[in-house]
Amino acid sequence: MVDPKVWGSDAWYFMHSLIQHFRPGQISRYRQLFRSIRFILPCTKCRKNYSNDLGRNRLNKIVNLQSLKRWIRRMHNLTNKTVGIPPIKNYNLPPNLNHKRIIRFLRFALQDSKKSQKQIVEMNRIRRLLVILLPCP
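In my numbering, each number is its position in the sequence shown, counted from 1, plus 43.
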């Protein structure tokens with residue numbers, strides 16, 4: 044297992060950056076992607092915490108861009124509280140899409156050679172969703 048301090052900020056960058064190219068007609072795909080992330084986090088405890096946080100911060104609350112921003116900030120702040128980091132007060136999108144950080148996180152997510160069948164299925168789902176939700180550089 045790779046220490047979350049190594050990949051955690053890239054994982055959050057990945058999630059926050061998805062908002063930059065938000066399209067209202069894709070809300071169900073955003074929900075699918077955020078649901079699937081819990082299966083690919085490269086840390087068992089992180090996967091469990093993210094799953095628990097999904098129960099407290101329902102994906103069906105995402106209905107538009109503003110609610111998506113609130114949802115991600117709440118999820119990020121739930122994690123920050125768990126690890127003792129101050130909450131995010133002001134929501135600022137990353138200024139430019141940094142594909143290197145996104146790829147670095149996904150590389151960590153793929154590293155574990157002992158992936159379950161469910162994790163493999165969800166990683167493939169995420170790949171398909173990213174092709175739709177993120178533009179190519």
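We put the CB at the ideal spot given by N, CA and C, even for glycine.
On a predicted model such as this, the values are computed, not experimentally measured, just so you know.
Check	Outcome
Whole-number beta carbon distance between I80 and M166, since they are thought to touch under 8 Å	Not a contact, Cβ separation roughly 10 Å.
Stretch pair the segment 144-156 + the segment 48-62: three plus CB contacts closer than 8 Å	yes
Secondary structure of Y134, DSSP reduced to three states	coil
C-alpha distance - P130 paired with N100, whole-angstrom precision	16 Å
Beta-carbon gap between L97 and I105 smaller than 7 Å	no
Three-state secondary structure (DSSP) of D53	helix
DSSP three-state assignment for F65, whether helix, strand or coil	coil
Spatial neighbours of R74 in its chain, beta-carbon cut-off 8 Å, leaving aside the 5 residues before and after	L102, N103 and I105
S71 in three-state terms, based on DSSP	helix
Which of helix, strand or coil DSSP assigns to I175	helix
Selection from H142, K91, Q160 and R113 that minimises the alpha carbon distance to T125	K91
Residue from Q160, P47, R168 and L61 whose Cα sits closest to the Cα of H142	L61
Residue range of the unbroken alpha helix (DSSP H) whose run includes R144	H142 to Q154
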